[in-house]
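As numbered in the UniProt record's numbering, residues 1 to 257 make up the sequence shown, in order.
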Amino acid sequence: MAAPRASLRLVAPVWNGGTSGIRGLSRAVDPEGSQRKGRALLQFLADRFYDVEAVRGYLLQKQVLKVLQKNRSFTYIKERYGPYVAGASFILKQGGAVKFQDKEWMRPNGRGLSGELWKLREVPVEAVDASGCAINYQGLDHLLALRELQSLSLRCCPHVDDWCLGRLHQLADSLRELSLAGCPRISERGLACLHHLQNLRRLDISDLPAVSNPGLTQILVEEMLPDCEVLGADWAQGLKLGPEEQPRDTASSPIPA
């Protein structure tokens, strides 16, 4: 009689010190033949994980740690060069762009931070383009220290959520333009927190998948911020039509004589 099979565990075994992870696999695999690569990858995973859930958990953990690393505090830079340079350094390292007062836009150039940056410790940052950056609740600290910030784009930031919007009231005195377009974690609840930003003159809330009724939400935001131009969905998008406005099914309508 065959012995019963052991149940699968949902944990990953300890990695040995000589393994360098997936990158080590890429060096060991023969570049010729996709089938050979596939077999090697499966063997690599089978040697180190017991099932698919363990693989998913490991990859998720690595992703979380990577985001936390990107949002770490720049304490040394802030203490030595001040909040403007520290905030600008954070955005540039994330791949975004910054504009100091009366200066041209500064963008990452692939060769590290510009030497000009360290000379601007007394110059306020007036605009930040953080589109697509991995900013989260913790990393937002770098931006909230920029008290003269007038324009902020968080367009398509995957980790900006309702809790982040609840902190933007700290920029209420200075902020004039804000883009939240394409942020997947922002809902109506987060947008309601923007009522503190009464100095806003332009707000982009287009393409927010977590907002269930874009048209109605835009109307409510416009009521909440009467002096602000709100960009987003067509005002009627998501609104239910009344009986007299329902589209008529011409195929089932009687043909007039």
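We treat Cβ as the ideally placed atom computed from N, Cα and C, and that holds for glycine.
Rounded straight-line distance, which links the Cα of serine 151 to that of asparagine 199: 11 Å
Straight-line Cα distance separating arginine 121 from serine 206: 35 Å
Helix, strand or coil at leucine 175 [DSSP, three-state]: coil
Cα-Cα separation, proline 214 to serine 34: 45 Å
7 Å CB neighbourhood of aspartate 78 in its chain, flanking five on each side removed: With the sequence shown as reference, residue 78 is identified as lysine, and aspartate is not the correct amino acid for it. These residues qualify, in order along the chain: Ala86.
Buried versus exposed call for histidine 195 [16 or more other C-beta atoms within 10 Å across all chains shown]: exposed
C-beta atoms of alanine 130 and serine 153 nearer than 8 Å: yes
Threonine 75 classed as buried or exposed, judged by whether at least 16 other C-beta atoms fall within 10 angstroms: exposed
Strand pairing of tryptophan 163, partner residues [DSSP]: Paired residue(s): none; tryptophan 163 is not in a bridge.
Environment of aspartate 173 [buried if 16+ CB atoms lie within 10 Å]: exposed
Helix, strand or coil at lysine 99 [DSSP, three-state]: strand
Burial state of glycine 110, where buried means 16 or more other Cβ atoms lie within 10 Å: exposed
Backbone secondary structure at alanine 145 - three-state DSSP: coil
Secondary structure of valine 230, DSSP reduced to three states: strand
Local Cβ density within 10 Å of glutamine 218, reported as buried at 16 or more and exposed below that: buried
First and last residue of the uninterrupted beta strand (DSSP E) at leucine 203: 202 to 204
Reduced DSSP secondary structure (H/G/I, E/B, other) of leucine 194: helix
Nearest candidate by alpha-carbon position, reference glycine 182, set Val125, Leu231, Ser89 and Gly38: Leu231
Check: proline 158 C-beta below 7 Å from any heavy atom of the ligand GTP: Of the ligands one can find in the structure shown there are none, so the ligand GTP has no counterpart to examine.
Cα-Cα separation between valine 221 and alanine 192, rounded to whole angstroms: 7 Å
Alpha-carbon spacing of leucine 92 relative to glutamate 148, whole angstroms: 18 Å
Residue burial classification, lysine 103 (beta-carbon count within 10 angstroms, cutoff 16): exposed
Beta bridge counterpart(s) of aspartate 129 as assigned by DSSP: Ala97 and Ser153
Identity of the residues DSSP links to tryptophan 105 by a beta bridge: Lys99
Inter-residue Cα distance where the pair is glycine 190 and proline 209: 13 Å
Reduced DSSP category for leucine 25 - H, G, I as helix; E, B as strand; rest coil: Here the model assigns leucine 25 a pLDDT of 42, short of 50, so the residue's position is not dependable, and the following value carries that caveat. Helix.
With 16 other Cβ atoms within 10 Å as the buried cut-off, status of arginine 36: exposed
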